[in-house]
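J.:
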């Protein structure tokens, strides 16, 4: 039967005979169905496999990702039966269940389902891993939700407690601390860590609640907890992060430190009041999946050389710039890891501290007690530091003290929110910093972006018309001889076409000529022109280099960079 599917796909031009032989060899080695193997190898898209499975078996093909299955239908087939035969109940027509199967020719499974449910069975088909994903989504997640609902129904007063006045929030806290909601919150956190997500969003709307995971920069909806549990779920997370559960009118920030499968994991918590209740955002800080190695962040060879030369200076300022979420903190942590040694005294001022670095004195800013970047920097110079890292320079006072620290023999590392390395000079001058102070203290400015990498399991060559390239600001001549790739989507990349992220970097050393331009209050364009003449690779060209190597696709280049 597997060979027949392969023949169908070859005749349709979906795969080649060589790809089929490779897939059959992989199937023999690792097991599984041929369709799933082809998807995992990137030889075919899930939609194509589903379509041709329907033709192979002569039954309707179903795309499970585009349909939501009613809970009443799911209850017709127990989870144990669904997992045993790799099936999922899809819909019901009177006394007939439409059942999506990985193998609709399995008559024994069909008869067993008939006997178990008492319904007639109409088989349908979908790719094996699509069914497994649906079983995980609908049965495993739903089992937790059903258990929570069952327990909540037995617990008197929970609904009333949710609607009580704010000062009675502590009673609700006592209930959710020991109740079944704990299981639900634990599953949300554990699944997030298992899937290596960067953020978890728990969002209330008018009539529903959603849980979404951000994987490689893309949000995926994974669960819809019962709407009447929204306050209990939020309260549980607040208790874990030691926030005030009675305070629902103001944003709050906190932190959760837990062990999941033996690994220490931190979650950075932020709550905000929305129109339909409190929204919670959890940043997942898993040290095991974050590399603090400058060599693998994505620097080009020459850019990394300039950066490494800058950070070994005994004094001066090195700035890392870019928008929120572009990996600036990771770059700074990788920098500290590289220059950290027993003979160096490093102190940081962070808001918040994301990861703990051995041998580095990290200080969490606390505005409520007056500990901010300015007050911290003033006291740090009396702590005999060699290197000071400031989370962000956001105003004139912070910039002035950072400059003063660099003038008195300290290497200062910090971040600024700007769109390019040359624009950072203009931003500092606009803050009120004198050009002569910038010129005599600044060593290097690095600007960066995070881009999604094309999935190597499902990428395929992509042809682009020269006119389209020009519309994106890309010279077709720059891509001569290069093969462009685009991910089709597979199980490895959650059907997105992307897997993992990398950085693109624009590194501008402050040379003698750049210093002259700073003193003359030159414009950003003038600074950019001179920096490029001296060898700076702008963000667009850095992204173009990764495009030509097949690391990223054209969409990512256009999304994260602009042509001057």
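Numbering (our numbering), first residue to last: 636 to 1199. We put the CB at the ideal spot given by N, CA and C, even for glycine. A quick note: this is a predicted structure, and the numbers were derived from the prediction, not measured.
Tell me which same chain residues have a C-beta within less than 8 Å of the C-beta of residue 674, skipping the five on either side of it?
T.: As a first step, residue 674 is located in the chain shown; it is residue number 39 there, counting from the start. Here the set comprises 680, 681, 684, 762, 764, 1093, 1125, 1126.
J.: I want to know whether the region 1045 to 1056 touches the region 1012 to 1026 - three or more CB-CB distances under 8 Å.
T.: Yes, since at least three Cβ pairs between the region 1045 to 1056 and the region 1012 to 1026 fall closer than 8 Å, the two stretches touch.
J.: Exposed or buried, residue 834, counting other C-beta atoms within 10 Å across all chains shown (16 or more means buried)?
T.: Counting from 1 along the chain shown, the entry for residue 834 is found at position 199. Counting Cβ neighbours within 10 Å, residue 834 comes out buried, since at least 16 surround it.
J.: My guess is that residue 1191 and residue 1068 are in contact by the Cβ rule of under 8 Å, so how many angstroms apart are they, rounded?
T.: Taking the first residue of the chain shown as position 1, residue 1191 is located at position 556. Taking the first residue of the chain shown as position 1, residue 1068 is located at position 433. Actually they are not in contact, since the Cβ atoms of residue 1191 and residue 1068 sit about 34 Å apart, beyond 8 Å.
J.: At what residues does the beta strand (DSSP E) containing residue 848 begin and finish?
T.: The residue you call residue 848 lines up with position 213 of the chain shown. Taken as a continuous stretch (DSSP letters only), the beta strand (DSSP E) holding residue 848 covers 844 to 850.
J.: For a quick check, are the C-beta atoms of residue 711 and residue 724 less than 8 Å apart?
T.: The count along the chain shown starts at 1 and reaches residue 711 at position 76. The count along the chain shown starts at 1 and reaches residue 724 at position 89. Going by C-beta atoms, residue 711 is nearer than 8 Å to residue 724.
J.: If distances are taken between C-alpha atoms only, which option among 1056, 1091, 1016 comes closest to residue 1037?
T.: Taking the first residue of the chain shown as 1, we reach residue 1037 at position 402. Comparing Cα positions, the closest option is 1016.
J.: Tell me whether residue 832 sits in a helix, a strand or coil according to DSSP, three-state version.
T.: Counted from its first residue, the chain shown places residue 832 at position 197. Here residue 832 sits in coil by DSSP.
J.: By DSSP's criteria, residue 900 is part of a beta bridge. Which residues make up the other side?
T.: Counted from its first residue, the chain shown places residue 900 at position 265. Answer is 893.
J.: Among 973, 853, 1020, 907, which one has its Cα closest to the Cα of residue 996?
T.: On the chain shown, residue 996 is found 361 positions in, with the first residue counted as 1. Of 973, 853, 1020, 907, the residue nearest in Cα terms is 1020.
J.: So, does the region 1131 to 1142 touch the region 843 to 854, judging by three or more C-beta pairs under 8 Å?
T.: Touching, per the Cβ criterion.
J.: For residue 855, which residues does DSSP report across the bridge?
T.: As a position in the chain shown, residue 855 is number 220, starting the count at 1. BP columns for residue 855 point to 848.
J.: When you compare each of 686, 1105, 1156 to residue 1058 by their alpha carbons, which one comes out closest?
T.: As a working mapping, residue 1058 is identified with position 423 in the chain shown. The option with the nearest alpha carbon to residue 1058 is 1156.
J.: Could you pull the DSSP bridge partners for residue 1016 from this structure?
T.: As a working mapping, residue 1016 is identified with position 381 in the chain shown. Paired residue(s): none; residue 1016 is not in a bridge.
J.: So residue 953 and residue 766 are supposed to be a Cβ contact under 8 Å. How far apart are they, rounded?
T.: For the purposes of this step, residue 953 is taken as the residue at position 318 of the chain shown. For the purposes of this step, residue 766 is taken as the residue at position 131 of the chain shown. Between residue 766 and residue 953 the Cβ distance is about 52 Å, and since that is not below 8 Å, they are no contact.
J.: Kindly indicate the opening and closing residues of the beta strand (DSSP E) around residue 758.
T.: Numbered from 1 along the chain shown, position 123 holds the residue referred to as residue 758. Residues 755 to 760.
J.: By DSSP, does residue 794 sit in helix, in strand, or in coil?
T.: Counted from its first residue, the chain shown places residue 794 at position 159. Interpretation of residue 794 is limited by its pLDDT of 34, a score under 50 that renders its predicted location unreliable; no figure is taken from the coordinates.
J.: Three Cβ pairs or more, each shorter than 8 Å: is that satisfied between the region 940 to 948 and the region 1178 to 1195?
T.: No: the two stretches stay apart, fewer than three of their Cβ pairs being nearer than 8 Å.
J.: Under the rule that 16 or more other beta-carbon atoms within 10 Å means buried, what is residue 960, buried or exposed?
T.: Position 325 of the chain shown, counted from the first residue, corresponds to residue 960. Exposed.
J.: Per DSSP, what kind of secondary structure is residue 1193 in: helix, strand or coil?
T.: The residue given as residue 1193 occupies position 558 in the chain shown. Residue 1193 falls in the helix class under three-state DSSP.
J.: Output the boundary residues of the beta strand (DSSP E) element that contains residue 1200.
T.: Here the chain has residues from 636 to 1199 only, and residue 1200 is not among them.
J.: Just tell me which of 749, 956, 1005 has its CA closest to the CA of residue 1082.
T.: For this step, residue 1082 is matched to residue 447 along the chain shown. That would be 956, whose Cα lies nearest to the Cα of residue 1082.
J.: At 3 residues or longer, what runs of the beta strand (DSSP E) sit wholly inside the region 1062 to 1139?
T.: Counting only runs of 3 or more, we get 1077 to 1089, 1094 to 1097, 1119 to 1122.
J.: Going by the beta-carbon positions, is the gap between residue 968 and residue 911 smaller than 8 Å?
T.: Position 333 of the chain shown holds residue 968. Position 276 of the chain shown holds residue 911. No. Outside cutoff.
J.: Per DSSP, which residues does residue 728 bridge with? Please list them.
T.: Counting from 1 along the chain shown, the entry for residue 728 is found at position 93. Answer is 731, bridged to residue 728.
J.: Out of 903, 897, 915, 902, which has the shortest C-alpha to C-alpha gap to residue 885?
T.: Position 250 of the chain shown, counted from the start, is the residue given in the question as residue 885. For the residues 903, 897, 915, 902, the minimum Cα distance to residue 885 belongs to 915.
J.: Select from 1031, 1071, 1128 the residue whose C-alpha is nearest the C-alpha of residue 1062.
T.: Along the chain shown, read from residue 1 onward, the residue named residue 1062 stands at position 427. The option with the nearest alpha carbon to residue 1062 is 1031.
J.: Tell me the DSSP secondary structure of residue 1160 in three-state form.
T.: Residue 1160 sits at position 525 when you count from the first residue of the chain shown. DSSP places residue 1160 in helix when its eight states are reduced to three.
J.: My understanding is that residue 828 touches residue 900, with C-beta atoms under 8 Å, so please give their C-beta distance in whole angstroms.
T.: Within the chain shown, the letter at position 193 stands for residue 828. Within the chain shown, the letter at position 265 stands for residue 900. Yes, residue 828 and residue 900 are in contact; Cβ-Cβ is about 6 Å, under 8 Å.
J.: Would you tell me roughly how many angstroms separate the C-alpha atoms of residue 645 and residue 688, rounded to the nearest one?
T.: For the purposes of this step, residue 645 is identified with residue 10 of the chain shown, where counting begins at 1. For the purposes of this step, residue 688 is identified with residue 53 of the chain shown, where counting begins at 1. Residue 645 and residue 688: Cα-Cα distance of roughly 13 Å.
J.: For residue 1101, which residues from the same chain have a beta carbon less than 7 Å from its beta carbon, with the 5 sequence-adjacent residues on both sides left out?
T.: Here residue 1101 refers to the residue found at position 466 of the chain shown. The residues are 1111.
J.: What's the gap between the Cα of residue 642 and the Cα of residue 690?
T.: Taking the first residue of the chain shown as 1, we reach residue 642 at position 7. Taking the first residue of the chain shown as 1, we reach residue 690 at position 55. Distance between the alpha carbons of residue 642 and residue 690 is about 12 Å.
J.: Identify every run of the alpha helix (DSSP H) within the region 910 to 980, keeping only runs that are complete inside it and at least 4 residues long; order them along the chain.
T.: The region 910 to 980 contains these whole alpha helix (DSSP H) runs: 936 to 946, 963 to 974.
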